[in-house]
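Colleague:
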Amino acid sequence: MVGTLLLAPLISYLTTGHRGREPNFIDRAVLFISAPLQAVLTSSIETVGEVGGGYLALRGAHQEAQICRVGLAEAHAELNALREAEAENARLKSLLDYVEDTVDQEIVARVIGLNPSPQFQSIRINRGEDDGVRFGMPVVTAEGAVGHVIRSVSGSADVMLLTDPQSHIGGVIERTRVRVTISGAGGGRPLSLDLVRREDDLKDGDVVVTAGSDGIFPRGVRVGVVRTPERPSVSMFLKATLEPSVELNRVEEVLVIPVTMGIPSPLGLGGKR
Amino acid sequence: MRFFAFSLLALLLLSVESVLVKTFGFEVTRIDVGLALVVYAALRCTTVEGALSAFSVGYLLDVFTGRPTGLYPALAVLVFLLVRGAGVVVDTRSRGPFALFVAVATAGHAVLAVFFTWLTSAEGGQVFSLSAVPLQVILTTLAGQAMWPLLKKIEPGERPEPGLLR
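Line order of the protein sequences matches chains A and B.
In terms of our numbering, the first sequence is residues 35 to 307.
In terms of our numbering, the second sequence is residues 1099 to 1264.
So this is what it looks like as structure tokens:
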């Protein structure tokens, strides 16, 4: 019996490798119990933090309010300018018969836990199949890309972060439009930029956005900033790291974009993993 | 019965850990709270009960990764057997040896996890690092010590007979 307990999962791992499996009844039961527990713990910690932070925030609140008023006035001015630009943009698009890609409303989700294993980089969110979250959907914040959904059950879903070693997405250098591949390098390490040719123009501080060519992310989502580009003397490609726009291990709220862009489920079940 | 106690405790601890890891923004390392349970089960339970408990702890960790592959149940049972074998020659009734076993088991578990992940990964060895293991060992050992009073409550009344596969 002990041998079975050892060999059965080991053989399963060695044969299916990193692909994972469809959540079974036990997995769903575990997630059904643990997700609400994680949500309650997260809320409790945040409440305690807010109470403590609220008291500290009162100190110097007057000065902060003055700064905010000035900032608000500036933001209003900027908003008005943007509205004008938007109206102009709409007029020009109608002149060109441009059809806007329509995307359903994003799903707002709260991060309720971080995967406790260091080999896989993933987070758990409090929205799942019941809310329309499906396998393969991209997950972002206002700052940029976070990852994509790798498992969704009734009330929660797991999201593979960009930093996971198995994460590879397509990107574009915003300044030069050079295409790159962005790969995860594990926890605590920056992302790596792959397949950038030696002759391409790449500078420290260049912004990288998604290319929309990986079947995961739509085009133009900010991913990060290029750091320490190097030209090795013998390689065809440049070496560079990418500092993510989002602090992935501290992200608290995310948006799930309800498109799957044709990414297949590992078990071929139509993406409803 | 203790199998269920271990499973429930593991579920609770992993849920708490996942929230704490998120709250404190741990990037590099994790705390293997489940391993302390596996080591305790190896030292204090019968073979079948302990192996089932270890499998269940590993299974839960596997589910928590978001991408269950079977790696962690297998490693948990492997660690269980290795600790059980070593427990034959070391007196493990007090906190000190338990801490030592947790530290060694954490290091071994981390190395095996990296090895098997590397073995089945297309990216090769360069993306998996062992640099975080020392911190992981320290944190898990401290967590094991903090859990000691709790673990004593699910200790069996009688110690099992000596022998590797008893």
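Each residue gets a CB set at the ideal place from its N, CA and C atoms; glycine is no exception.
1) Is it right to say Cys102 (chain A) is buried, meaning 16 or more other beta carbons lie within 10 angstroms of its own, or is it exposed?
2) Strictly below 7 Å CB to CB, what residues from chain A border Ala1172 (chain B)?
3) Please report whether the beta-carbon of Val290 (chain A) lies at a distance below 7 Å from any beta-carbon of chain B.
4) Please confirm if Pro1166 (chain B) has its CB atom under 7 Å from at least one CB of chain A.
5) Beta strand (DSSP E) containing Asp228 (chain A): first to last residue?
6) Tell me whether Gly1132 (chain B), by its Cβ, gets closer than 6 Å to a heavy atom of the ligand MN.
7) Reducing DSSP to helix, strand and coil, say where Arg261 (chain A) ends up.
8) Does the segment 1134-1141 of chain B come close enough to the segment 121-131 of chain A that 3 or more CB-CB pairs lie under 8 Å?
9) With C-beta atoms as the reference, is Gln139 (chain A) less than 7 Å away from Thr197 (chain A)?
10) Within 10 angstroms of the Cβ of Leu75 (chain A), are there 16 or more other Cβ atoms? Answer buried if so, exposed if not.
11) Is Thr136 (chain A) close to chain B, meaning its C-beta is less than 7 Å from at least one C-beta of that chain?
12) State the Cα-Cα distance for the pair Ser1151 (chain B) and Pro1232 (chain B), rounded to the nearest angstrom.
13) What residues from chain A crowd round Leu1169 (chain B), counting only those whose CB sits closer than 7 Å?
14) Chain D partners of Glu1115 (chain B), CB-CB under 7 Å?
15) Just to confirm, are Glu208 (chain A) and Ser279 (chain A) a CB contact at a threshold of 7 Å?
16) If you draw a straight line from the C-alpha of Arg1100 (chain B) to the C-alpha of Pro1247 (chain B), how long is it?
17) Would you say Ala1108 (chain B) faces chain A, with C-beta separation under 7 Å as the test?
18) Could you tell me whether the Cβ of Leu1112 (chain B) comes closer than 7 Å to any Cβ of chain A?
19) Leu1240 (chain B) by DSSP, collapsed to three states: which one?
20) Could you tell me which residues DSSP puts in a beta bridge with Ser217 (chain A)?
21) In three-state DSSP terms, what is Gly239 (chain A)?
22) Do Gly32 (chain A) and Ala245 (chain A) have their C-beta atoms closer together than 7 Å?
23) Compare the C-beta of Gly1223 (chain B) with all C-beta atoms of chain A and state if any pair is closer than 7 Å.
24) List, in order along the chain, the chain B residues whose C-beta lies closer than 9 Å to that of Arg185 (chain A)?
25) Identify the continuous beta strand (DSSP E) that holds Thr275 (chain A) and give its terminal residues.
26) If you draw a straight line from the alpha carbon of Phe1199 (chain B) to that of Phe169 (chain A), how long is it in whole angstroms?
27) If you follow the alpha helix (DSSP H) that Pro43 (chain A) is part of, which residue opens it and which one closes it?
28) Compare the Cα-Cα distances from Phe59 (chain A) to each of B:Gly1148, B:Val1114, B:Leu1118 and B:Val1161 and report the closest residue.
29) What residue range is occupied by the uninterrupted alpha helix (DSSP H) comprising Glu1147 (chain B)?
30) With the cut-off set at 7 Å, would you say Arg55 (chain A) and Val187 (chain A) are in Cβ contact?
31) How big is the Cα-Cα spacing for Val260 (chain A) and Val206 (chain A)?
32) Evaluate the contact criterion for the segment 228-243 of chain A versus the segment 264-275 of chain A: three or more CB pairs, one atom per stretch, below 8 Å.
33) Let me know the secondary structure DSSP gives Ala1230 (chain B) once reduced to three states.
34) Can you list, in chain order, the residues of the segment 71-95 of chain A whose Cβ is nearer than 8 Å to any Cβ on chain B?
35) Is it the case that the Cβ atoms of Val1235 (chain B) and Ala1197 (chain B) are separated by a distance below 7 Å?
36) Quick check on Glu1115 (chain B): buried or exposed, where buried means 16 or more other Cβ atoms within 10 Å of its Cβ?
Modeller: The answer reads as follows:
1) Looking up residue 102 (chain A) in the first sequence gives position 68. Exposed, by the Cβ-count rule.
2) Here residue 1172 (chain B) refers to the residue found at position 74 of the second sequence. Neighbourhood of Ala1172 (chain B) in chain A, by CB distance below 7 Å: Leu40, Pro43, Leu44 and Tyr47, in chain order.
3) Here residue 290 (chain A) corresponds to residue number 256 of the first sequence, with the count starting at 1. Judged by the 7 Å Cβ criterion, Val290 (chain A) is not in contact with chain B.
4) Locating residue 1166 (chain B) in the second sequence gives position 68, where the first residue counts as 1. Taking Cβ atoms only, chain A reaches closer than 7 Å to Pro1166 (chain B), which makes this a yes.
5) Here residue 228 (chain A) is taken as the residue at index 194 of the first sequence, counted from 1. Unbroken beta strand (DSSP E) run through Asp228 (chain A): Leu225 to Asp228.
6) Only the bare structure without any ligand can be found here, which leaves the ligand MN out of the picture.
7) Residue numbering aside, residue 261 (chain A) sits at position 227 when the first sequence is read from its first letter. Three-state DSSP puts Arg261 (chain A) in a strand.
8) no
9) Here residue 139 (chain A) is taken as the residue at index 105 of the first sequence, counted from 1. Here residue 197 (chain A) is taken as the residue at index 163 of the first sequence, counted from 1. Their beta carbons are not under 7 Å apart, which means Gln139 (chain A) does not touch Thr197 (chain A) by this criterion.
10) Along the first sequence, read from residue 1 onward, the residue named residue 75 (chain A) stands at position 41. It counts as buried.
11) Sequence index remark: in the first sequence, residue 136 (chain A) carries index 102 (1-based). Note that Thr136 (chain A) scores a pLDDT of 48, beneath 50, so its modelled location is shaky; the value from the coordinates is reported in the next line. It does not: the Cβ of Thr136 (chain A) has no partner Cβ on chain B nearer than 7 Å.
12) One-based indexing of the second sequence puts residue 1151 (chain B) at position 53. One-based indexing of the second sequence puts residue 1232 (chain B) at position 134. Taking the straight line joining both Cα atoms gives about 26 Å.
13) By one-based count along the second sequence, residue 1169 (chain B) stands at place 71. Near Leu1169 (chain B) (Cβ distances below 7 Å), the residues of chain A are Tyr47.
14) Of the protein chains in the structure, A and B, none is chain D.
15) Position 174 of the first sequence, counting from 1, holds the residue named residue 208 (chain A). Position 245 of the first sequence, counting from 1, holds the residue named residue 279 (chain A). No. Outside cutoff.
16) Counting from one through the second sequence, the residue named residue 1100 (chain B) turns up at place 2. Counting from one through the second sequence, the residue named residue 1247 (chain B) turns up at place 149. For Arg1100 (chain B) and Pro1247 (chain B), the distance between alpha carbons rounds to 16 Å.
17) Position 10 of the second sequence holds residue 1108 (chain B). No, Ala1108 (chain B) does not count as interfacial toward chain A.
18) By 1-based counting over the second sequence, the position of residue 1112 (chain B) is 14. So yes, Leu1112 (chain B) belongs to the interface.
19) Position 142 of the second sequence holds residue 1240 (chain B). Here Leu1240 (chain B) sits in helix by DSSP.
20) Start at 1 with the first residue of the first sequence, and residue 217 (chain A) comes out as number 183. According to DSSP, which records beta bridges pairwise, Ser217 (chain A) is partnered with A:His202 and A:Ser226.
21) Indexing the first sequence from 1 puts residue 239 (chain A) at position 205. Three-state result, Gly239 (chain A): coil.
22) In this structure chain A extends from 35 to 307, so residue 32 (chain A) is not present and cannot be described.
23) As a working note, residue 1223 (chain B) is residue 125 in the second sequence. Low confidence applies to Gly1223 (chain B): its pLDDT is 47, below 50, so where it sits in the model is not reliable enough to give any reading.
24) The residue given as residue 185 (chain A) occupies position 151 in the first sequence. Within chain B, the residues near Arg185 (chain A) are Gly1164, Arg1165 and Pro1166.
25) Here residue 275 (chain A) refers to the residue found at position 241 of the first sequence. Looking at the DSSP string, the run of the beta strand (DSSP E) that includes Thr275 (chain A) is Lys273 to Pro278.
26) Walking along the second sequence from the start, residue 1199 (chain B) turns up at place 101. Walking along the first sequence from the start, residue 169 (chain A) turns up at place 135. Within the model, the alpha-carbon separation for Phe1199 (chain B) versus Phe169 (chain A) is close to 40 Å.
27) Residue 43 (chain A) sits at position 9 when you count from the first residue of the first sequence. Per DSSP, Pro43 (chain A) belongs to the alpha helix (DSSP H) from Val36 to Thr50.
28) Locating residue 59 (chain A) in the first sequence gives position 25, counting from the first residue. The residue among B:Gly1148, B:Val1114, B:Leu1118 and B:Val1161 with its C-alpha nearest the C-alpha of Phe59 (chain A) is B:Val1161.
29) Taking the first residue of the second sequence as 1, we reach residue 1147 (chain B) at position 49. That run of the alpha helix (DSSP H) goes Thr1145 to Phe1162.
30) As a working note, residue 55 (chain A) is residue 21 in the first sequence. As a working note, residue 187 (chain A) is residue 153 in the first sequence. Result no, Cβ atoms of Arg55 (chain A) and Val187 (chain A) do not sit closer than 7 Å.
31) One-based indexing of the first sequence puts residue 260 (chain A) at position 226. One-based indexing of the first sequence puts residue 206 (chain A) at position 172. Taking the straight line from one Cα to the other gives about 11 Å.
32) yes
33) Here residue 1230 (chain B) refers to the residue found at position 132 of the second sequence. Coil, per DSSP.
34) Leu71, Gln72, Leu75, Thr76 and Ile79
35) What you label residue 1235 (chain B) is simply residue 137 of the second sequence in a count that begins at 1. What you label residue 1197 (chain B) is simply residue 99 of the second sequence in a count that begins at 1. It is not a contact, given that the beta carbons lie outside the stated cut-off.
36) The residue given as residue 1115 (chain B) occupies position 17 in the second sequence. Buried.
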